[in-house]
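For the sequence shown, the residue numbers in my numbering are 7 to 161.
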Amino acid sequence: MKKQVLILVILVISPFVSWAQGSVSDEIVLIQSAFGMEKRALVEDYMGFAKTSQFWMVYESYEAERRALIKQRILTINDYLESFERLTDADANRIARAIIANNISIANLQKRYHKRFNKVVSPTETAKFMQLDSFIQNTILLAMAESLPFTGEKK
C-alpha cells in the first residue's frame, strides 16, 4: 500500500518542480483532477466498498471540500515562492497565518466528516479511511515541503 501511495505522490508532485512556469490555477486543476481520480482508485482498493455504498457519496463531498482547501494551500505556497527573493516580515507573517488557518480548516473538515462517515460505515471503517487519507496528505505535504526553500535560505 505504501509503495502505491509513494509512486502516486511522485507522479503528482513532479509538476511542482516547475511552479514558476505556466498558470498556477491550471496546474492546480490538473493536479487535483488527476490525483482525485487516482486517489479514489487507491481508496477503492484499500477500503473495498461496493460502488453503490453510501460511503462514496460522503467521500465525494469530502473530497470536493478538501480539494478547495488544498487549492488555497497551493496558492499560498505559490505566493511564498513568488515573494521568496524579496520576502518581508509582513509577507512572512501573512503567509504563515494563511497556512495556520488552512491547517485549522482542514482539521475542522476532518472533524465534520468523521461524524458523517460514521453514519454510513462503522467507526472502524471511518478510522481506516481517515488514517489512509492522513497518510496520503502527509506524504504529499512532506514531498512539497522538501522541495521548498526555507525562509531566509539563499536559492
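Beta carbons: idealized from backbone N, C-alpha and C, even for Gly. Nothing here was measured: the structure is a model prediction, and the numbers come from that model.
C-alpha distance - residue i paired with residue j, whole-angstrom precision
i      : j      : result
Gln60  : Phe141 : 23 Å
Arg92  : Asn109 : 25 Å
Lys77  : Thr132 : 24 Å
Glu152 : Ile146 : 10 Å
Lys121 : Met136 : 11 Å
Tyr119 : Arg103 : 24 Å
Phe55  : Arg73  : 22 Å
Lys125 : Glu159 : 48 Å
Lys117 : Asn99  : 27 Å
Pro227 : Leu154 : The requested residue 227 does not occur in the structure, where the chain is confined to residues 7 to 161.
Leu148 : Ala47  : 22 Å
Inter-residue CB distance, residue i and residue j (contact presumed, cutoff 8 Å)
i     : j      : result
Tyr65 : Val49  : 7 Å
Glu71 : Leu138 : No, Glu71 and Leu138 are not in contact; Cβ-Cβ is about 17 Å, not under 8 Å.
Asp97 : Ser89  : 5 Å
Nearest neighbour of residue i, chosen from the options [CA to CA]
i      : options                         : result
Thr58  : Thr145, Val127, Thr94 and Ile80 : Val127
Leu75  : Ala98, Thr94 and Ile105         : Ile105
Ala113 : Asn144, Gly54 and Lys125        : Asn144
Cut-off 7 Å between Cβ atoms - residues of its own chain near residue i, not counting five sequence neighbours on either side
i      : result
Ile101 : Thr82, Asp85 and Tyr86
Thr45  : It is Lys, not Thr, that sits at residue 45 in the sequence shown. Within the same chain, Lys45 has close Cβ partners Ile142.
Contacts around residue i, its chain only, beta-carbon distance under 6 Å, and the 5 residues preceding and following it disregarded
i      : result
Arg79  : Asn108
Phe156 : none
Phe123 : Val64 and Thr132
Ser3   : Since the first and last residues shown for the chain are 7 and 161, residue 3 lies out of range.
Gly28  : In this prediction, Gly28 has a pLDDT of 46, which is less than 50 and means its spatial position is unreliable; nothing more can be read from the coordinates.
Close Cβ partners of residue i (< 8 Å) along its chain, the five nearest in sequence each way excluded
i      : result
Met63  : Val126
Lys134 : Tyr52 and Met53
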